[in-house]
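Residue numbers (my numbering), protein chains in the order written: chain U, 1450 to 1566; chain D, 1335 to 1471; chain A, -17 to 72; chain X, 3 to 768; chain P, 19 to 133; chain W, 791 to 947; chain E, 37 to 540. Don't be surprised by glycine CBs; every beta carbon is placed ideally from N, CA and C. Notes follow once the structure below has been shown.
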Ligand code: NA
Ligand code: NA
């Protein structure tokens, strides 16, 4: 399925990219979420795929015999997902407060800090 | 949002979900689960309770300030690194007790670490949800 | 192919088909509540899929995911409803 | 010598602490400081004049070859003595002059550091140490020009001087580094025997240009001369000291010092000669319509600096001799006249020559001083200025081919200087008494004593030239052209062509003075416009830079988040593709196309859900869509043997939904913001990003992964990690520190959310 | 033998699941869709899970399957209730053939109190 | 009393989850259950809990039967092209009094295909039900009153 | 067991932060813990540096899992100096914060956030694992997000939006790059990567992924054309936050670039390091021109961060021992100086109530010491000898000339001049010019309310950093020797590889 996943990864990256280029803050958040998904799936796929053989050692056994899925990419993605969630949660709330303070979620109206006086 | 049905259901679901979260936590070293997912399920239980009964009720139920949970969680995670140093091993080397326990298997510092993760995740999820909910009150 | 293999193969296809149909409902709505109901159903069907897939691949570790999925799908639905109700309150 | 430098800086630093209580005597106290250095150095006069060279080395940054290497030879001693002697006079003078200024203590700090740096510079043998002191003089000059910093002009011209000299300094540094690459050492003395090698080095031209830019900017040579008249915004002691007697001569010093190793080529000699000559004439003509005492003096200084440069360009023995006499003479009379201008300004309240006249009765001593200095400046026997001008003319006459031409422009320039002298040195004191803003009054002793001493010294040097200058002359010349001069200095050379020229100069000068309004009138009628206005080039460059800077910033830092994102993504994808597309078989990868039914269902769902999010017009629909994407990801994880991942994904997705739900209902509806043009652009960018990633994944998954990690983890999970869930063992044991970081992120995020929602400060800058 | 029983449960369950999917496609409005199909789905999933439990013949697996079933049966109606209620507030249109609506006008628009 | 019962139930749930029927596991479950009850103690008022086990089992059987029947009925409606539906929203006056009674009743009602509990009035006296097959409101009400509600209350009271 | 100490710069801040969280309602305890903690961290970092100097590279295999299987924490000379500087800045900021941070922010866990930030930064400097580096980057980022937005003024939010979005984008690129590199090389350990990469056949793929790393770190380091988040945000939070950001955050990006493009990716220098060179030139130029266009104290300083980063990247791009030593020296110098300039800007703001050059003036007249304290870092930044910045610039330029990159020398010199221009612009407007408010000695109300103790705490770090600047300038030899040794370690990665992987 790695061909399909490669395709999905591309689509997710594309979607994420397209969304973070929008003018609305909410869409930008959605874009960031897409990018997060894309990155996770990317690591997952690039770590090579294995079907139906999770890296769990049976009770009483010492180790696993091939084939089994590489546990490392899984662990990495787990960490990345959790970190991503923490950051996203903050970003979402930040965007909300920004909307409350600025009064719009139109990014084009948030240029004051870049303006030349 | 008040609904007798949801509110009553949430009361009974809460202990079920909490026990399941403990289960996930303790068993995670051997089967799918672990501190993180366990903590999230526990948080889900409280989140459900909050949606059904309001943030005040949920906070009353939790008893501990979420920030306290966060600090205890982080504290446990840090504490779990100390034994390794005390017995002269490299930092964060797992230190295990010899006896076997049902479900959990062996007890050791990684488990303490995972419990820390559990509490912390519960704490942060609730801190975020409650902060947002209080905002709207 | 043994009966159980046949059964699981048929089940996977049937469930997959159901999922696609429900997903179609999710896409077309028309109301947001329709979509939420569809989403809820999707996750429920995913549990069934996981169960059958576990049999197909002879591993039991996936079943726990089903439990979680059930819990979380419910929570998600409640949250959406919560949102919807707040949105309609004046 | 390092001690003297350190003492100098230390003494400067204590000025603010002792200034207030000792304000009334401060000039005297301050003057002891240059006097002390002067005496320390003059005590070595005999030794140096006898042909010794004193060298001292103190390690500084030996690994870079940078050390405090001090070298005292005739050249540096001459300069040290000028610097410190004029320093004594100026410090004493400033004690009185600066009395009414606010924060005069700061003035003494700056000028003290300046003097010390100046001394340090001329005795440094290490190019970088020299450069350090060089830059310090630029900085102190900046602080001194801008001393009256409440005035916009002061600030502006201080900056101008700093930028011009600072820019030159940077060029100089590059030149020095290049030079050191040839010799392998930063010591100037190590270059002495390398003249040949240096001139043949491929970097020679660059070195010459860079070093000369440094020198020319510092000494205000054409086309960098414009900053000097503007620097007259500084208090008069500064003008007298920095901008006539010392700092502006640093460039000249540098040319003289480097002449040994860089000189001898046509490039070096001709450049110096031509630039010097142009500066000499050009600066003098610019003085024509000036009425400000200090501006007039500044232009005459410029002209002299040009002459000095030109003399180095000529480079003959006679020229070097002229160079030395002229530089000493100029320091004496020009310093004096500046101080006289300061007295006039101080006592009458104006520096406008047209408003000054007949002051001799009120300022008798000043009148005498001014007359003495003016005679020297006009080149009248028996003052040292006379010898100076005579020798200069003789040296010019020696030049092949165009000696006469150079002499004639030199005569014109000097005639104009004569005119300036009359304006500054005589007009204010003679003729009818004009009324001035302040009732005129003789200056206090602190202000006239020094100038008087300098003026008298000018007279003494004229009469006994060999006593004062002669002995050091030979040694100094060795440092510049590596041979002794063996040309005695005489006041009187007899009646010859040069004397005639001096006379012509004087006559011409007086004539110009009397007819200057008419000449000016004619010049204006002829519409002779000054087309060479380097100061406008400076303005043009500065304004151009500012406009460009603003334009650039507006274009780049335009405030549009998406433009910033586009910059990042386009850079990333295009550069990475550039690297990737070198792969020959990139498009010949044959991926595994076998697909099951449920896999295609997954693809259909995830793709359609993605598009649902993108095209959705409602927030909730988008959230539902992204939820579907997340749940499908979970299913993908399950199918590919990652139950823990699936669990986590589901949990996170749900939590995200809850978050959105709590946050979103306060947010507005989606508006159709973007134009179709930008949508097309974004689609193109998005597609390239997606395509790139797809290609990378396809390519990498077609390669076998060589990893020892997978086996290690499963082998050690049970015995070492005491767990059968390898993923979890990795998380809490093998890579536990990742998890520690991860939960820290979560904790911070929670604190952040909490603080964001609860803390609402007033916006001060609203 | 257990494999065959298990297989039958699986097939039966997936059949119910498919039926409910068709239902959700076919039914005319939200309320009828929910009222009809959510439980068909629940039942179908329940059957599949029973089949799974039988297949593995392991008490742990059975317990897990049972907990999912119990949980689904506990939560599905609650979910349906709150979505239905929200939909009613949200004025999701009833099917044109809905001939009785005793809820109409009973809600307080402000507080969402129901009399 | 209720607490203890619940505690034991939780312990059993624990044993089931762990999948190891051993005494230690049960003790572990009791401890965990106790902890949870302690944590969530304020969630419970003073309601009764599962006292009539035989009646309960009987009721469960009845309900499963109803469930399957109703499912088949709806399934038939789905696969046949013709619609037999007659939907309506009915106000149902409740005999169930406590929160638990109301909730259980409403949920079980929803689980039976063809009916959907929409909401309970604020005074907890009326349940609004959406139903697929309502010929007339009153007969629908009485059918429900004598069927599911009566049996359920038997179990609960 | 002495190598255990190198975990402390990461764990200690966490312990301090947790301690503060336990007493999360008492700001006083936070202040003390933060101050004492920063002091302890400083001591520990210095001990580590001394140890590295005497024993060479120290590595610690966390959890006793041998490299490359576990995570290695590694302190070489570069890492050691980075954590020392971080500790210095942490300590200075601890003092300065007590003096300047408003009680509102203090109450909302400002100090724990500061410690978390330091934890992330130190983690990034010390880790020998690329994924772990990602984790520390995120710790650092999220702390910076919160610190940036803490307070919630409109400007802060607008700045934070850009800061957050662009940094998240770069994190996404970073994460993808880590994944891809694992997919190619099958390891995450930097030393192991350095060892394996020469044997990997897919060089083009490696170059492509190295470009992704370059972009990811380039965004954090704020190089051209990736720097836009920085000027959009750095002037918005409280100045103590601006200062620590300005000093440290971009330098983590620079550090990562140096680490990756000396130790790991040196297989295609012709491509990668030339890209860096071009970027360095444009970074210097656009940064300095950006500064020239600004008229806000902190905005000018912000843009100058960018232009100065250009010099550091230049050192890396030239890839000679001297050039890299120059880059390292530049980092050391710049962290101290830039933090200090922000500190000074903060004092001016407290004093005069603004950062707008147009509204400021008259500071020098009444506060000459403050003027001096500005001039030291400002002139150092502009590269005026003999302050620290001069040597930094000198070494980089010398290195460029040795490699005959004359164009870049010209640019570097021009940028130096324009830097001087900007610094004097600030000096002219803020210090020299009379206060446009007219009143002789206008002092903002808020300044009058600051207690004397707080004023001392405000000035103490400024003086401390100014002294360090002067010491580095006048006593440059040991610093330069250190930078040289660090550069040699980087260029010859074999000692690093052997130390981490425990090879002979
Ligand atoms: Na886990
Ligand atoms: Na290397």
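Residue closest to residue i, alpha-carbon to alpha-carbon, out of the options
i	options	result
residue 612 of chain X	U/1538, U/1451, U/1452, U/1459	U/1459
residue 111 of chain E	E/96, E/121, E/100, E/122	E/96
residue 64 of chain E	E/144, E/38, E/86, E/89	E/144
residue 306 of chain X	X/391, X/362, X/295	X/391
residue 313 of chain X	X/290, X/409, X/545	X/409
Inter-residue spacing [alpha-carbon to alpha-carbon] between residue i and residue j
i	j	result
residue 846 of chain W	residue 815 of chain W	27 Å
residue 395 of chain E	residue 411 of chain E	20 Å
residue 113 of chain E	residue 358 of chain E	15 Å
residue 1475 of chain D	residue 57 of chain E	Here chain D has residues from 1335 to 1471 only, and residue 1475 of chain D is not among them.
residue 43 of chain A	residue 36 of chain A	8 Å
residue 575 of chain E	residue 38 of chain A	Any question about residue 575 of chain E goes unanswered here, given that chain E covers just 37 to 540.
residue 391 of chain E	residue 246 of chain E	40 Å
residue 90 of chain X	residue 420 of chain E	28 Å
Residue burial classification, residue i (beta-carbon count within 10 angstroms, cutoff 16)
i	result
residue 204 of chain X	exposed
residue 1421 of chain D	exposed
residue 443 of chain X	exposed
residue 468 of chain E	buried
residue 322 of chain E	buried
residue 913 of chain W	exposed
residue 621 of chain X	buried
Backbone secondary structure at residue i - three-state DSSP
i	result
residue 643 of chain X	coil
residue 61 of chain X	strand
residue 750 of chain X	helix
residue 412 of chain E	helix
residue 1510 of chain U	coil
residue 107 of chain X	helix
Residue i beta carbon near ligand 3 (any heavy atom closer than 8 Å)
i	result
residue 383 of chain X	Among the ligands in the structure shown, ligand 3 does not appear; only ligand 1 and ligand 2 can be found there.
Which residues, in order along the region 732 to 748 of chain X, keep a beta-carbon less than 8 Å from a beta-carbon of chain E? Only those residues of the region 732 to 748 of chain X whose C-beta falls short of 8 Å from the nearest C-beta of chain E are listed: 735, 736, 737, 738, 739, 740, 742, 743, 744, 746, 747.
Which residues, in chain order, does the region 58 to 69 of chain A contribute to contact with chain D at a C-beta distance below 8 Å? Listed by position, the residues of the region 58 to 69 of chain A near chain D (Cβ gap below 8 Å) are 60, 61, 63, 64, 67, 68.
Chain A contacts from the region 28 to 40 of chain P (Cβ-Cβ distance under 8 Å): Residues passing the 8 Å Cβ filter: 28, 29, 31, 32, 33, 35, 36, 38, 39, 40.
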